[in-house]
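Protein chains in written order, with my numbering: chain A, 1122 to 1328; chain B, 4 to 132.
The C-beta atom is built at its ideal place from N, Cα and C for all residues, glycine as well.
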């Protein structure tokens, strides 16, 4: 596999900024300064640098910022009818009964409207979960750990699938023919024999 | 061109993810199936590689900083509309999936997928190309 090690720095210019704003428009994203600053702060920063302010960047992309702000206000008013601080708190407590992971990253994906409502009504997801009596730092730590565990388990399973497909358990052959794969086997299973044993155990369980 | 069990020819895949572990694992196992994979850790590296090299397919993470996964998808499709692009993500909800398809993703796949599922998808997209 070919690796490119040197990170390439983002090349911002007016054209790139306009292209990105148009992508967000296609996605029907809320294009107000506050919202985009939250979802893509790099874009807002670049827009301010190259156009003076966010509104000017939107205008350069052919959009009417006044209209966008008015639309956002309208949407916000619609949401006001659906949510309140109490409803947000109540909903977080309900979700906490079924979800083990309340981290920001996980909740944004699984319960995006709740996280958005928490942000609108309470200021941020962090403040909202703390209002419910949870320790946010602990939640984030636990979320990261859970995600790492899920990923590690997935990678181990993928490596075993591929090992199974090889049709040989000869360590030297695999090391010579597929050095990158072999290194990963050692990394995820600590030894070749443990990987082979894990695969055999898994196949027995499947049978 | 190599002949392998999974893929009949050496296809060139650009893998984009800000998680090195994903790149390492998929790079290694796809290569074993006859692919030639290149890595990028984000939008800039990916675009740089994409513009300098020829690829058969791009597999990119959705949840890179900002909207980088979808910006990349948009850029690739504007340069090469027929280039198959698979979007993968740790967490997918209906809205995210809809957005990716709206930006012309060829396939949107939730991470924790089975390797064979990915292989079959790659082959299906390449046949369509």
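query, result
"Just the chain B side, please: which residues come within less than 7 Å of residue 1169(A) by C-beta, in chain order?", "The premise fails here: residue 1169(A) is roughly 15 Å from chain B at the closest Cβ pair, so nothing lies under 7 Å."
"Taking Cβ positions only, does residue 1292(A) come closer than 7 Å to chain B?", "no"
"Mind checking the segment 14-33 of chain B against chain A and listing, in chain order, the residues whose C-beta falls within less than 9 Å of any C-beta there?", "18, 22, 24, 25, 26, 27, 28, 29, 30, 31, 32, 33"
"Of all the alpha helix (DSSP H) runs that stay within the bounds of the segment 1143-1176 of chain A, which reach a length of 4 or more residues?", "1154-1160, 1162-1172"
"Just verifying my parser: in three-state terms, what is the DSSP assignment at residue 1319(A)?", "helix"
"Determine contact between the segment 1295-1307 of chain A and the segment 28-46 of chain B, defined as no fewer than three beta-carbon pairs at a distance below 8 Å.", "yes"
"Sorry if obvious, but does the Cβ on residue 1141(A) come closer than 6 Å to a heavy atom of the ligand MG?", "Because no ligand of any kind appears in the structure shown, any question about the ligand MG cannot be addressed here."
"Report the neighbours of residue 1275(A) on chain B: residues whose CB is nearer than 8 Å to its CB, in chain order.", "114, 115"
"Are the CB atoms of residue 1290(A) and residue 1317(A) within a distance shorter than 7 Å?", "yes"
"So which of 1185(A), 1142(A), 1218(A) has the shortest CA-CA distance to residue 1255(A)?", "1218(A)"
"Any idea what DSSP makes of residue 43(B), helix, strand or coil?", "strand"
"Let me know if residue 104(B) comes out buried or exposed under the rule of 16 or more other beta-carbons within 10 Å of its beta-carbon.", "exposed"
"Which chain C residues sit within Cβ distance under 8 Å of residue 98(B)?", "Structure shown: chain C not included; protein chains present are A and B."
"From the DSSP output, read off the bridge partner residues of residue 63(B).", "19(B), 90(B)"
"Does the beta-carbon distance from residue 1138(A) to residue 1167(A) come in below 7 Å?", "yes"
"With DSSP as the reference, label residue 1229(A) as helix, strand or coil.", "helix"
"Sort out for me which residues DSSP pairs residue 111(B) with in a bridge.", "90(B)"
"Which bits of chain A does residue 67(B) rub up against, with CB to CB less than 8 Å?", "Within 8 Å Cβ-Cβ: nothing; residue 67(B) doesn't reach chain A, min ~11 Å."
"Would you call the segment 13-27 of chain B and the segment 41-48 of chain B touching, i.e. three or more CB-CB distances under 8 Å?", "yes"
"Kindly say whether residue 1301(A), judged by its beta-carbon, lies nearer than 7 Å to any beta-carbon of chain B.", "yes"
"Classify residue 1274(A): buried if its beta carbon has 16 or more other beta carbons within 10 angstroms, exposed otherwise.", "exposed"
"So for residue 1300(A), helix, strand or coil by DSSP?", "helix"
"Under a Cβ-count criterion, where at least 16 other Cβ atoms within 10 Å of its own Cβ denotes burial, should residue 63(B) be classed as buried or exposed?", "buried"
"If the cut is a Cβ gap below 9 Å, which residues of chain A does residue 94(B) touch?", "1226, 1227, 1229, 1230, 1231"
"Give the DSSP-derived three-state secondary structure of residue 1289(A) in the structure shown.", "coil"
"Name the residue from 1243(A), 1285(A), 1176(A) whose alpha carbon lies nearest to the alpha carbon of residue 1208(A).", "1243(A)"
"Would you mind working out which of 1310(A), 1152(A), 1292(A) sits nearest residue 1196(A), comparing C-alpha positions?", "1152(A)"
"Under 8 Å, with one C-beta from each stretch per pair, do the segment 105-112 of chain B and the segment 87-95 of chain B reach the 3-pair mark?", "yes"
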